[in-house]
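Heads up: the structure comes next, in structure tokens.
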Amino acid sequence: MIEIRNVSKWYGEFQVLANCTTRVSKGEVVVVCGPSGSGKSTLIKCVNGLEPFQQGDVVVDGISVSAKDTNLPKLRARIGMVFQNFELFPHMSVIDNITLAQIKVLGRSREDAIEKAHALLKRVGLTEQAPKYPGQLSGGQQQRVAIARGLAMDPIAMLFDEPTSALDPEMINEVLDVMVELAQEGMTMMVVTHEMGFARKVAHRVIFMDRGEIVEDAVKEDFFGKPRSERAQHFLSKILHH
Amino acid sequence: MDFSVFLQPAFSGGGTYLDWVLSGTKWTLLVSILAWIIAFIVGSVLGVLRTTPLAVLRAPATVYVEVFRNVPLLVQMFIWYFVLPEIVPLGMGDWMKTRMPMPEFWNAVLCLGFYTASRVAEQVRSGIQSIPIGQTYAGLAMGLTRGQVYRHVLLPMGYRIVIPPLTSEFLTIFKNSSVALTIGVLELTAQARQISEYTFRTFEAFTVATVIYVLITLVVTVGMRTLENKVRVPGYIGSAGK
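Protein sequences, first through last, are from chains R and X. According to this note's numbering, the stretch in the first sequence is residues 2 to 243, in order. According to this note's numbering, the stretch in the second sequence is residues 169 to 410, in order.
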């Protein structure tokens with residue numbers, strides 16, 4: 002479904018991604034973790050071409066992200082993305098946030114889009130919030146709306162870029178619950194997160210990144226059981242024991 | 169102090185000096201409002217261009233802003249009125265000098281409009297650039313084209329953010345319109361000066377002009393404040409007003 006092939010990226014002299022290669026198969030949940038500055042957010046933004054890269058290629062459902070003739074908006078519309086800071090549009094109501102791309106990108110009728118939005122809001126437990134504005138919601142509620150907004154496009158995969166990092170601790174679970182449910186329904190997901198509980202529960206594979214490299218790419222049991230690299234062991238010991 | 173002078177028959181034109189004042193007010197309003205329409209449209213386009221990722225679009229907009237913002241308005245007024253007809257193709261120059269209807273008025277409108285456009289452009293640019301990059305990412309990630317991101321995400325918030333500084337520019341255009349008297353537009357200041365020359369009632373003439381300028385700017389300020397409140401985003405921190 003998602004193939005990342007030898008992707009390298011530089012900001013000037015500084016290399017942020019070094020020869021990254023991995024893949025996410027249909028229905029697979031892959032968690033990407035690593036210390037800050039390790040390039041994990043940059044990597045996930047390469048998947049839908051938000052971050053350009055200088056070498057290698059990313060192929061989503063057979064379509065190259067970097068090829069000149071690729072219709073990027075069309076490709077992106079098929080991949081949902083959820084951001085650390087929610088990035089709901091503040092001047093639009095919750096319902097308008099969820100219907101905008103359905104109408105403008107997919108060409109759905111307003112009625113169909115609203116119906117879809119209501120169904121998704123129900124699913125993330127926010128039926129009552131439809132007419133409100135993002136600024137009137139809590140962080141956890143905003144992030145659940147953002148997930149609903151992504152799902153409204155009927156995506157073939159969902160990307161999550163540190164979806165709980167900007168949340169107050171008491172709101173993390175309401176968002177993780179929605180993500181766990183999504184994973185259990187078989188959604189293809191690539192998730193940048195430090196929530197190792199989430200990884201243990203639903204991930205199939207865990208990727209560990211450090212200094213722009215994919216240091217470890219292992220099935221969940223192996224990653225948590227016996228990480229091969231010293232850097233991954235060190236990272237795990239730091240985030241698991243406190 | 170004797171304001172009854174305004175009810176005396178004027179030296180020419182058949183009416184009273186009050187009619188001169190009203191006529192001057194009319195031309196001040198016409199020059200300013202037409203110039204504002206030009207400034208808002210041209211300035212918005214330039215402001216957007218200055219934020220695009222394409223250097224070929226950014227560069228000309230930057231040159232425009234630097235040139236128009238840094239040449240004194242008075243000099244620009246003279247260039248539009250006296251120099252432009254000499255440097256355009258001969259036929260057009262002749263038309264401007266002999267057959268163009270109300271050349272002082274239209275040159276003043278164009279001059280003030282294109283000058284203020286450079287200032288509006290800077291406000292629009294700063295408004296757009298104050299929006300976090302994540303908003304653009306979110307728009308692109310859901311499949312919107314860059315144009316759609318501007319239309320639905322960046323401009324609606326950007327304009328809201330810059331209503332207060334745009335109000336200042338709008339007020340300034342009424343005050344700057346007095347420069348049009350130098351090329352012969354009989355706007356409010358010109359009429360006040362003329363009345364003072366014919367009646368020696370300098371104090372009265374300029375007091376009335378002052379009061380009218382203040383009234384105009386008060387109306388604009390209240391109008392813009394009303395607009396600001398009307399488009400205020402519920403729950404959005406950082407929006408002005410209560």
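We put the beta carbon where it would ideally sit given N, CA and C, even for glycine.
Beta-carbon proximity check, residue i vs residue j, cutoff 9 Å
i	j	result
Gln55 (chain R)	Asn7 (chain R)	no
Val292 (chain X)	Gln303 (chain X)	no
Ser200 (chain X)	Ser345 (chain X)	yes
Ile296 (chain X)	Leu323 (chain X)	yes
Leu152 (chain R)	Leu183 (chain R)	yes
Ala158 (chain R)	Ile45 (chain R)	no
Ala348 (chain X)	Ile363 (chain X)	no
Thr313 (chain X)	Gly211 (chain X)	no
Pro74 (chain R)	Gly326 (chain X)	no
Leu190 (chain X)	Leu175 (chain X)	no
Glu88 (chain R)	Tyr305 (chain X)	yes
Val95 (chain R)	Ala120 (chain R)	no
Leu168 (chain R)	Gln144 (chain R)	yes
Ala102 (chain R)	Val125 (chain R)	no
Chain X contact for residue i (CB, 9 Å cutoff)
i	result
Val106 (chain R)	yes
Gly136 (chain R)	yes
Ala68 (chain R)	no
Pro74 (chain R)	yes
Phe161 (chain R)	no
Leu122 (chain R)	no
Gln85 (chain R)	yes
Asn88 (chain R)	The sequence shown places Glu at residue 88 (chain R), rather than the Asn named in the question. Answer yes: the Cβ-Cβ gap between Glu88 (chain R) and chain X drops below 9 Å somewhere.
His92 (chain R)	yes
Arg6 (chain R)	no
Met180 (chain R)	no
Met190 (chain R)	no
Ala102 (chain R)	yes
Arg150 (chain R)	yes
Below-9 Å beta-carbon distance, residue i vs any chain R residue
i	result
Arg321 (chain X)	One point to set straight first is that residue 321 (chain X) is Val, not Arg, in the sequence displayed. Chain R, which has a Cβ nearer than 9 Å to the Cβ of Val321 (chain X), makes this yes.
Tyr303 (chain X)	Looking at the sequence itself, residue 303 (chain X) is Gln, so the reference to Tyr does not match. Closer than 9 Å: yes.
Met325 (chain X)	yes
Gln297 (chain X)	no
Tyr404 (chain X)	yes
Val213 (chain X)	no
Lys410 (chain X)	Bear in mind that the predicted position of Lys410 (chain X) carries a pLDDT of just 35, short of 50, making it unreliable; the figure below should be weighed with that in mind. Lys410 (chain X) does not count as touching chain R.
Pro226 (chain X)	One point to set straight first is that residue 226 (chain X) is Arg, not Pro, in the sequence displayed. Answer no: the Cβ-Cβ gap between Arg226 (chain X) and chain R never drops below 9 Å.
Pro332 (chain X)	no
Val401 (chain X)	yes
Gln316 (chain X)	yes
Arg287 (chain X)	no
Where residue i meets chain B, residues with beta-carbon distance less than 9 Å
i	result
Arg77 (chain R)	Absent from the structure is chain B; the protein chains it does hold are R and X.
Counted within 10 angstroms of its Cβ, other Cβ atoms place residue i as buried (16 or more) or exposed
i	result
Gly391 (chain X)	exposed
Glu116 (chain R)	exposed
Val266 (chain X)	The question names Val, but residue 266 (chain X) is Thr in the sequence shown. Burial call: exposed.
Thr43 (chain R)	buried
Val231 (chain X)	exposed
Asn98 (chain R)	buried
Pro135 (chain R)	buried
Phe224 (chain R)	buried
Glu337 (chain X)	buried
Gly40 (chain R)	buried
Met169 (chain X)	exposed
Quiz prompt | Runs of beta strand (DSSP E) wholly within the segment 43-104 of chain R (minimum 3 residues, chain order) | solution = 56-61, 80-83
Quiz prompt | Every unbroken alpha helix (DSSP H) within the segment 255-324 of chain X, with a cutoff of 4 residues, ordered by chain | solution = 258-262, 271-297, 301-309, 314-317
Exercise. Go through the segment 132-206 of chain R residue by residue and report every complete run of the beta strand (DSSP E) that reaches 3 residues or more, in order.
Key: 158-162, 190-193
Quiz item: For the 8 Å Cβ check, are there 3 or more pairs between the segment 29-36 of chain R and the segment 182-194 of chain R?
Solution: yes
Practice problem: Could you pull out every unbroken alpha helix (DSSP H) segment of at least 4 residues lying fully inside the segment 195-251 of chain X, listed in chain order? | Solution: 223-238, 241-246
Quiz prompt | Start-end ranges of the beta strand (DSSP E) lying completely within the segment 210-243 of chain R, minimum 3 residues | solution = 214-220
Quiz item: Do the segment 218-233 of chain R and the segment 59-72 of chain R make contact, defined as three or more Cβ pairs closer than 8 Å?
Solution: no
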